[in-house]
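Here the protein sequences line up with chains A and B, keeping their order. Residue numbering for the first sequence follows my numbering, beginning at 1 and increasing consecutively. Residue numbering for the second sequence follows my numbering, beginning at 496 and increasing consecutively. Ideal placement from N, C-alpha and C gives every residue a C-beta, glycine not left out. Note sheet for the following structure.
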Amino acid sequence: MHLTLLLDMAVDGFGDRVVAGPASAGITAAQLAARSHSGAALVRERGANAVVYLAVNGPAFPVALFAAARAGVPLVPVNYRLGQRQLDALLARHPQALGIADPDSLPHLKRAGLDAMTTDEWLAQTGIDRGAGDTGADQDGVAIVIYTSGTTSEPKGVLLRHENLVSYVLGSVEFASADETDAALVSVPPYHIAAVANVITNLYAGRRTLVLEAFTPGEWLRAVREEEVTSAMVVPTMLARIMDSDEDKSVPSLRSLSYGGAPMPAALIERALREWTRVDFVNAYGLTETSSTVALLGPEDHRAALESPDPAVRARLSSIGRPLPGIELEIRGPGGEVLGPGQTGRICVRGEQVSAEYAGVGRAVDDRGFFDTKDDGYLDSGGYLFISGRTDDTIIRGAENIAPAEIEDVLLRHPAVLDAVVFGVPDEEWGQRIEAAVVARPGMAVGDVELRDFARQALRSSKTPDRCWFLDALPRTETGKLLRRLVPDLIARAD
Amino acid sequence: MAVTFRAGQQLVSAVDSTAVIVIKAPAQEGTLTCGGVAMTTAGEQVCAAEPDPSLMGGTQIGKRYVDQGDTIQVLCTKAGGGTLALDGQPLVIQAAKPLPASD
Chain A
1 MHLTLLLDMA VDGFGDRVVA GPASAGITAA QLAARSHSGA ALVRERGANA
51 VVYLAVNGPA FPVALFAAAR AGVPLVPVNY RLGQRQLDAL LARHPQALGI
101 ADPDSLPHLK RAGLDAMTTD EWLAQTGIDR GAGDTGADQD GVAIVIYTSG
151 TTSEPKGVLL RHENLVSYVL GSVEFASADE TDAALVSVPP YHIAAVANVI
201 TNLYAGRRTL VLEAFTPGEW LRAVREEEVT SAMVVPTMLA RIMDSDEDKS
251 VPSLRSLSYG GAPMPAALIE RALREWTRVD FVNAYGLTET SSTVALLGPE
301 DHRAALESPD PAVRARLSSI GRPLPGIELE IRGPGGEVLG PGQTGRICVR
351 GEQVSAEYAG VGRAVDDRGF FDTKDDGYLD SGGYLFISGR TDDTIIRGAE
401 NIAPAEIEDV LLRHPAVLDA VVFGVPDEEW GQRIEAAVVA RPGMAVGDVE
451 LRDFARQALR SSKTPDRCWF LDALPRTETG KLLRRLVPDL IARAD
Chain B
496 MAVTFRAGQQ LVSAVDSTAV IVIKAPAQEG TLTCGGVAMT TAGEQVCAAE
546 PDPSLMGGTQ IGKRYVDQGD TIQVLCTKAG GGTLALDGQP LVIQAAKPLP
596 ASD
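If you want it as structure tokens, here you go:
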């Protein structure tokens, strides 16, 4: 089970179809395969034991992915927005890698002593015929190393093996199921698992992928209309910016929009569903460690939830749906016991696509092969999964466990609130008390008392923030994950 | 010759270009044939053989093939002219159950 199997199948099934880039000037499946052979030969020539990719998403990325796979070495996509110290620390772990970078980032690779070239040079080099060498024989080798964003700790290298990624594709995508005119718009950076999954799932489906290098609402909307994009994946912050923009929001070609990467505020998805009534919405939940999606809420679930008079069905708009067929999922209590519907505990998953493997550490699974996601959640009576939040983020006020997400969701329903974070602060009486930091919408004002009254109408008083701070912006990764550990410092400076 | 299957195992035909990957392995040993001739584990030496002309229904790339009892499921990774069968029982194409695109 090797990633190149997927590419070779694509060549056999639809070799002349453009699979990456614009319809008129993109790369066909056969061209991608030829470049993967050339790139693999180059990797071997240079004696590299990995390929580091330090650039924005673009045609060079799928070529790098399959060339590394063909050569039997891992691809390591690295965040080009990291600070120099963090970047140097990551690059030092791959001294024998062949590096591919944007011109701006190339000096970082050179400084780290890597054999490096620009994305343009890489595309020129892989356009040269070097013959078809053998594919790396190790069927179970590491295909991708992705460093976690480190929202709670130091970045860890997650190892995704060929078997994990191929299992994910074969378990969730039907070969050649896309129409020739289908196009997927990708706006996540290449060091995000969704970007890796995007390359391989769309290729296997026969769907052309287009890349938006730098996201703005206007560029995204323009690309959807001009390139007649039929499906796209966004993170919640992108959807929020699109919905908030003054641009023309018509998307006549768009049939499917998936979202994930961070929790979706209920108010935002309701707004998007009403704005784009003809679009199928898909909420996907997954982790880097699980080779992308492990559970999803499909289009029918979204519509049923939006229209249902039943509060339990309506609530499913905030759920992340049901596990994929190849995934077993359990909710576990503090002693590791399996909990029933409605009970909140740790979300644990098992399946071929679950790598759960870290560089220098090994596999983090229990004796039954389950991986603890460190997300808390529960299943409803229909088997729909609800995420309460990261276990580490839970606020314990008195003896009560409180998930910040529930309170954030309420604050985000206030018309003047653009962004919100809720966190625990040490408190002599309660152990922890609840505080919030919010960002007001431009030109709108809201006060601390008004917001707390607003929250109290929807929540018990024990869950109402004791104080609301106001900030200009919240610290988020570009995929929208909150960097909670940075919030207290921002508050201290705002005070 | 009956063999024990495992998920992820790749098999190639001795009579045509057909190649498959085992998605779901049966608990029992069995013989998977293409065009009436036993398939070989990929990477091992294949002795080219003549197919049974009555077992040349063809295989389609990307399709999943299952037996009547749903004990085995294989994915065709290379198309060919033969008919797949497990212990003499022809495999049939399993209808697609597509999931919405999530990436």
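is_contact[A:Asn164, chain B] using C-beta, thresh 8 Å: Not closer than 8 Å to any Cβ of chain B, the Cβ of A:Asn164 fails to qualify, so no.
A:Val43 vs A:Gly99 beta-carbon contact at 8 Å: no
Minimum length 3: unbroken beta strand (DSSP E) runs contained in the segment 547-579 of chain B: 559-561, 568-573
Partners in chain B for A:Thr201, counting only beta-carbon separations shorter than 9 Å: Ala596, Ser597, Asp598
Between the CA atoms of A:Ile146 and A:Val76 - distance to the nearest angstrom: 6 Å
CB contact flag (A:Val224, A:Leu165, <8 Å): no
Residues that B:Thr572 contacts on chain A, provided the C-beta gap is smaller than 7 Å: Simply Leu5, Met9.
Where the segment 574-596 of chain B meets chain A: residues whose CB sits under 9 Å from a CB there: Ala574, Ala591, Lys592, Pro593, Leu594, Pro595, Ala596
Inter-stretch contact (C-beta, 8 Å, three-pair minimum) for the segment 241-251 of chain A and the segment 214-229 of chain A: Between the segment 241-251 of chain A and the segment 214-229 of chain A, the count of Cβ pairs shorter than 8 Å is three or higher; the stretches touch.
Exposure label - A:Ala399; buried when at least 16 CB within 10 Å: exposed
Cβ contact check for the segment 539-550 of chain B and the segment 478-489 of chain A: 3 or more pairs under 8 Å: Contact between the segment 539-550 of chain B and the segment 478-489 of chain A is absent, because fewer than three Cβ pairs lie under 8 Å.
Proximity winner among A:Ala494, A:Val78, A:Gln353, relative to A:Asn57 (alpha-carbon distances): A:Val78
Whole-angstrom distance between A:Ala29 and B:Val587, CA atom to CA atom: 28 Å
CB of A:Pro22 within 8 Å of CB of A:Leu210, strictly: yes
Neighbouring residues, chain B, relative to A:Gly13 (Cβ below 7 Å): Ordered by position in chain B, the residues that pass the 7 Å Cβ test against A:Gly13 are Ile556, Gly557.
Three-state secondary structure (DSSP) of A:Arg161: strand
Those residues which DSSP pairs with A:Leu210 across a bridge: A:Leu185
Alpha-carbon spacing of A:Glu226 relative to A:Gly369, whole angstroms: 46 Å
Chain A contact for B:Gly503 (CB, 8 Å cutoff): yes
Interface positions of the segment 515-526 of chain B facing chain A (Cβ-Cβ less than 8 Å), listed along the chain: Ile516, Ile518
Any C-beta of chain B under 8 Å from that of A:Asn198: yes
Any C-beta of chain B under 8 Å from that of A:Phe175: yes
Where the beta strand (DSSP E) through A:Pro426 begins and ends: Membership of A:Pro426 in the beta strand (DSSP E) is indicated by the continuous run 417-427.
Three-state secondary structure (DSSP) of A:Gln96: coil
Any non-hydrogen atom of the ligand HEM within 7 Å of A:Glu174 CB: Annotation note on the ligand HEM: not contained in the displayed structure, which lists no ligands.
Members of the segment 271-286 of chain A that neighbour chain B once the beta carbon cut-off is set at 7 Å: Asp280, Val282, Ala284
8 Å Cβ cutoff, A:Leu296 in contact with chain B: yes
Minimum Cβ-Cβ distance from A:Pro190 to chain B less than 8 Å: Cβ-Cβ to chain B under 8 Å: no for A:Pro190.
Buried/exposed call for B:Thr499, threshold 16 Cβ in 10 Å: exposed
Simplified DSSP assignment, three categories, for A:Asp367: coil
A:Asp280, enclosing beta strand (DSSP E) - first and last residue: First-last of the beta strand (DSSP E) with A:Asp280: 280-287.
Expected contact under 8 Å - CB spacing of B:Met551 and B:Gly564 to nearest Å: 24 Å between Cβ atoms; not a contact.
Interface partners of A:Pro299 on chain B, CB under 8 Å: Pro595
Straight-line gap, A:Pro334 to A:Leu6 (C-alpha atoms, nearest Å): 41 Å
Whether A:Tyr204 touches A:Val173 by CB criterion (8 Å): yes
8 Å Cβ cutoff met for A:Ser308 and A:Val282: Taking the C-beta atoms as reference points, A:Val282 is found no nearer than 8 Å to A:Ser308.
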